[in-house]
Structure formats: C-alpha cells, structure tokens
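To keep things clear, I will list the structure first and then write my remarks on it.
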Amino acid sequence: MNPLRADLISPLDMFKIGVGPSSSHTVGPMIAALEFRRLASEKLAALAKDKSGSKGEPYKLIVELFGSLSLTGRGHQTDGAICGGLDGLNPQSSPIDQIWSTQEKLNAAPTLDFAGVPVHFRPQDDIVWQEWLMDEKPLPHPNTLRFRLKQGAQIIYEEIILSVGGGFIEPIDRVTGERRPAGSQTVGDDTVNVPYPYNSAQEYVEQCNKSGLPPWQIVIANQEARGLDEKTLRQKLAAILEVFDQCIERGLNTDGILPGGLNVRRRAKGLNEKMLSGKQSTWASPFGLKPSVYAIAVNEENAAGGRVVTAPTNGSSGLIPAVWRTLKESHNLDLTTLQNGLIVASVIGALVKVHASISGAEVGCQGEVGTSCAMAAGGAAAMLGGSPEQIEQAAEIGIEHHLGMTCDPIKGLVQVPCIERNAMGAVKALNAVELSLACDGSHLISLDRALIVMKATGMDMHQKYKETATGGLALG
Ligand code: SF4
Numbered sequence: 198m199n200p201l202r203a204d205l206i207s208p209l210d211m212f213k214i215g216v217g218p219s220s221s222h223t224v225g226p227m228i229a230a231l232e233f234r235r236l237a238s239e240k241l242a243a244l245a246k247d248k249s250g251s252k253g254e255p256y257k258l259i260v261e262l263f264g265s266l267s268l269t270g271r272g273h274q275t276d277g278a279i280c281g282g283l284d285g286l287n288p289q290s291s292p293i294d295q296i297w298s299t300q301e302k303l304n305a306a307p308t309l310d311f312a313g314v315p316v317h318f319r320p321q322d323d324i325v326w327q328e329w330l331m332d333e334k335p336l337p338h339p340n341t342l343r344f345r346l347k348q349g350a351q352i353i354y355e356e357i358i359l360s361v362g363g364g365f366i367e368p369i370d371r372v373t374g375e376r377r378p379a380g381s382q383t384v385g386d387d388t389v390n391v392p393y394p395y396n397s398a399q400e401y402v403e404q405c406n407k408s409g410l411p412p413w414q415i416v417i418a419n420q421e422a423r424g425l426d427e428k429t430l431r432q433k434l435a436a437i438l439e440v441f442d443q444c445i446e447r448g449l450n451t452d453g454i455l456p457g458g459l460n461v462r463r464r465a466k467g468l469n470e471k472m473l474s475g476k477q478s479t480w481a482s483p484f485g486l487k488p489s490v491y492a493i494a495v496n497e498e499n500a501a502g503g504r505v506v507t508a509p510t511n512g513s514s515g516l517i518p519a520v521w522r523t524l525k526e527s528h529n530l531d532l533t534t535l536q537n538g539l540i541v542a543s544v545i546g547a548l549v550k551v552h553a554s555i556s557g558a559e560v561g562c563q564g565e566v567g568t569s570c571a572m573a574a575g576g577a578a579a580m581l582g583g584s585p586e587q588i589e590q591a592a593e594i595g596i597e598h599h600l601g602m603t604c605d606p607i608k609g610l611v612q613v614p615c616i617e618r619n620a621m622g623a624v625k626a627l628n629a630v631e632l633s634l635a636c637d638g639s640h641l642i643s644l645d646r647a648l649i650v651m652k653a654t655g656m657d658m659h660q661k662y663k664e665t666a667t668g669g670l671a672l673g
C-alpha cells in the first residue's frame, strides 16, 4: 500500500536536481546508498561504544541488485552511483567527475569510512548482480537493493531499499515489513492537516474552484502548512529552472558520441545550428524543431551522466525543460509564471505517482515520458491562463495518448528510444495544451480514470517491456 497522498508531495520531490542517466537506476540507488551509509554509521557508532561489538574481524559490505536494476544497471551506471553514495557523495551537488571516479578509486583502495570505522568494499567483487528472486521469494519491487554489513559470516546490519522511480526511495521497515518513503521532503509529519486537501484530480479542481485561488496557490498553501514557505519554494524552483537552462545550453554546444558502446552520435548541436540558419523551410508546426532540439539537448546530457533534473524521471528529463523554454521564448513568460507552471506540473506528477507509477520498471515508459507529457501539458495550460478544468484536460490528453507505451532501452542505456521519445513527448504536450485551451474543459475521460487505466495496463504489461532490455527495440 502506498502511504502517500498527492497533496503531501512537494514540487521539490517531483523536480530533484541529480545526475544522469536514470532516476530509478542511478539517482535512487545513489540516494539509497547514502541513506544506508547514514544508518550503518549510526549502527557502527553504537557498536563501537559496546566494547564487545568493536572486536573481531573487519567489517565488510555487500550490495545486491535485483530485478530490473540487475538487468539494466550496468547501462544505467547503477554501480558507479552506489559507490558515490556509499562514499558520502550526493547526486544534487557533488562534483560529477568525483561521483563517476569513485568506483575506480574503491576498486584500487577498497575501504569506506563509516563514521571513522573502516568497512571493506571492493565494487568489482562486492556488488552482486542478482536475479528476480530474493531468498526464493518474489521481489517487493522490480528495483530492489539489499545492503548487508558483515563481520566474518555474521550479518551485523541489513537494509532492503526500493528505488521506486523519479529518485524516490522506500526502505522496507524491518519490523513491520512495510515500505516507508525516505530521502525526500515527503518524509516528515504526514498527519499535518493541509488547508486544501486533495488526492485526486477531481478534488484538486474542486479545491481550485471552491477557494477561487490560482491552481498553484493551493499547492503553496499546503506546502506552507507543512513547513516549506513560499519564498524558499520559489528560490528552489528558480534553481531548478536554472539547471534546465544550463542543461539545454550544454547539450546545444556539445557534440560527439554518447558513452555506453551504442555509438549514438549527439544530434542537438547540429540540429540547433540547422534551425538557427533558417535554411530549413519545411517546418510543419509553428515551433518548428525547437521543442525537439531542446528536449534532445537535455536527454543527451542525461545520457552522458551530466547534471539534470528529474521531471519526473531522468529518462524523461528533457520534455518539461523543452516545453518551458519554448513557451518562455514564444510567450515571453517571466520567472514567476515558469515557477507557477512547475508547481502545477508537480500536482499532475504527484497524482500519477500515487495512483499509478512513475517507474518504467513498474509500468513501462507511459510512467516516465507519458507522465512527463501530462505534467508538461497541465503545467503549460496553467502558465497560459487555462482554467482548472482545462489544466486537468490537458494533462489527461498528455497521458491518454501514451497509455501502453513500453520501456525497451537498447543495451539498457537511456539513449534509444529515450532521447527522441522526449522530443516527441514535448511536441505532444504542446498540442495537448492547444487542444485543451481551445475547448471548455469538458471531456469524456477524466485524468483520474486515465490513471486507473494506466496502472492496470502497466500491471498487464509483460516484464520484458518494463526496463529489462529483454524485449521490443532492445532486441535489435
Ligand atoms: S524507454 Fe522510457 S521508461 Fe524506458 S528508460 Fe527510456 S525513457 Fe525511461
């Protein structure tokens, strides 16, 4: 059972600054490793006080990766990200080069420092790529990690942590066996009574209409009730928008071959130059190639392991920056409006997270690029003055036309089909906004209904189409 409610999820949970190439297979495992480092350090500090606990053989750490993490983790640099987290680095602000060099460093000198206690850990031997069963039982989630701190043959401390998409993690409580959200702002007092409760799109629309507040203000008021004031929220959203732009610029100014062995050549720079030359005369839409080029620029940065923002995942990190940048340029949108759009987009993402999933390993790419398209469409509708009903309709169009989309990344890399898929999603999002703003918001299928169908479709989807690189395009 997912204990989260949509109105408790912060925009800062949905949009997290991190590193590529994957939020569920890179950022989540890195945060999980960091969380384990914290918990294990506390445990070792307690043991050190107890003389008997500090004697005996040296400590040793084993990290096991199960399910989709095991099948596609090498392509997603899961092992490198775990090494960074275990060494105390974080995906948000630690230098990228330092993160990606930690694995090599630990292979050469295999000792972690957990609160002054040396722990043996050589990634090439101590990261174990497991299968779909844990102790003969089905996994609690397709992206499961188990950290075991040992002394000789004895297990001193163990954590099972799930990476549930978008950089969110959920450790399994060792006493109750329940999943608890951790490592993000959703941790905390979830019994706080927010002034505008909602846990469905319908309730959100009703709260907007009943209160007469702008759609983003509902979220701001709820976040303030939980201790995140508007000024801080807006400052952090401004930083996120800055990372969007930096990422687009880096992507537009870098060429070469992406890492991973698939020999995918970066395209954003060349396409942008072509677009700016004005020589291309066959544009089929008013925006031309713009949203596609911006999305490709970000996703190429993501594929190269650069600094990106989950939106809501890394695989789908290019779509929202592309739509925001395109609309900022075409409509001269100011910072406040762009922030407002992100806030509303986060509501859509939170509803998907609670009622379906934003994990490709759980429901396929409908949960990543599909969700991002819905978020972009809803947020953009808000930025362009849409009513709550039009926002809901735009988001519904965005998800409805991604239902059933599989996740089949070739070689487990977040490159093909992922990069171009963001471009297509950005174009669809802009079209969804156009359609919703041209209508009065009344439509047959509600967003809430579409999310039920999305989840059911994801559950029916064969495992080979859910981030395992064992089906579809991944077979070549
Ligand atoms: S196909 Fe979609 S869900 Fe799968 S890795 Fe690529 S972007 Fe993520």
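Counting from 198, one number per residue, gives the positions in the sequence shown under the numbering used here.
Where is the CB? At the ideal position from N, CA and C, for every residue including glycine.
The ligand SF4 heavy atom lying under 6 Å from the CB of residue i
i	result
Pro226	no
Pro606	yes
Gly565	Going by the sequence as given, residue 565 is Glu instead of Gly. Checking every heavy atom of the ligand SF4 against the Cβ of Glu565, one is found closer than 6 Å.
Glu664	yes
Val495	no
Val611	yes
Gly712	The structure shown does not extend to residue 712, since the chain is modelled only from 198 to 673, so the question has no answer here.
Cys562	yes
Gly503	no
Gly363	no
Cys615	yes
Residue j beta carbon less than 7 Å from that of residue i
i	j	result
Ile616	Ala573	no
Ile588	Ala629	no
Leu236	Phe318	no
Gly363	Ile206	no
Pro394	Asp210	no
Val506	Phe212	yes
Ile358	Leu342	yes
Cys280	Leu266	no
Pro339	Gly264	yes
Gln321	Asp645	no
Val416	Ile545	no
Ala547	Gly575	no
Cys444	Glu498	yes
His273	Pro218	yes
Thr223	Glu664	no
Ile366	Ile228	yes
Ser298	Thr510	no
Ser238	Ala306	no
Ala492	Asn619	yes
Ala500	Leu455	yes
Leu449	Ala465	yes
Gly467	Gln348	no
Residue nearest to residue i in terms of C-alpha spacing, selected from the options
i	options	result
Gln420	Phe441, Asn390 and Glu446	Asn390
Val624	Ala558, Ile588 and Leu524	Leu524
Phe441	Leu535, Thr603 and Asp247	Leu535
Pro208	Lys471, Glu586, Ala542 and Asp323	Ala542
Asn537	Glu446, Leu434, Glu439 and Ser514	Leu434
Glu427	Asp637, Gln414, Ile437 and Gly485	Gln414
Glu631	Gly583, Lys466 and Leu670	Gly583
Gly503	Ser290, Leu268 and Leu201	Ser290
Lys652	Met580, Glu355, Cys562 and Leu468	Cys562
Met580	Val549, Thr533 and Ser489	Thr533
Lys471	Ile437, Val490 and Glu261	Val490
Lys282	Val216, Asn396, Asn619 and Ala350	The sequence given here places Gly at residue 282; Lys does not occur at that position. The shortest Cα separation from Gly282 among Val216, Asn396, Asn619 and Ala350 belongs to Val216.
Leu621	Ser633, Leu610, Met602 and Asp637	One detail in the question is off: residue 621 reads as Met in this sequence, not Leu. Of the candidates Ser633, Leu610, Met602 and Asp637, the one whose C-alpha sits nearest the C-alpha of Met621 is Met602.
Ala378	Lys550, Glu565 and Leu610	Looking at the sequence itself, residue 378 is Pro, so the reference to Ala does not match. Looking at the Cα atoms, Lys550 is the closest of the given residues.
Residue i in three-state terms, based on DSSP
i	result
Arg646	helix
Val391	coil
Met331	strand
Asp506	In the sequence on display, residue 506 carries Val and not Asp. DSSP places Val506 in strand when its eight states are reduced to three.
Thr373	coil
Val361	strand
Gly217	coil
Gly250	Bear in mind that the predicted position of Gly250 carries a pLDDT of just 48, short of 50, making it unreliable; the figure below should be weighed with that in mind. Helix, per DSSP.
Gly655	helix
Lys347	strand
Gly281	helix
Pro320	helix
Gly206	It is worth fixing the name first, because residue 206 is Ile in this sequence and not Gly. Here Ile206 sits in coil by DSSP.
Pro606	coil
Thr523	helix
Ile555	coil
Leu309	strand
Pro315	strand
Asn304	helix
Gly385	Because Gly385 sits at a pLDDT of 49, beneath the cut-off of 50, its placement in the model cannot be relied upon, and the point is left open.
Asn529	coil
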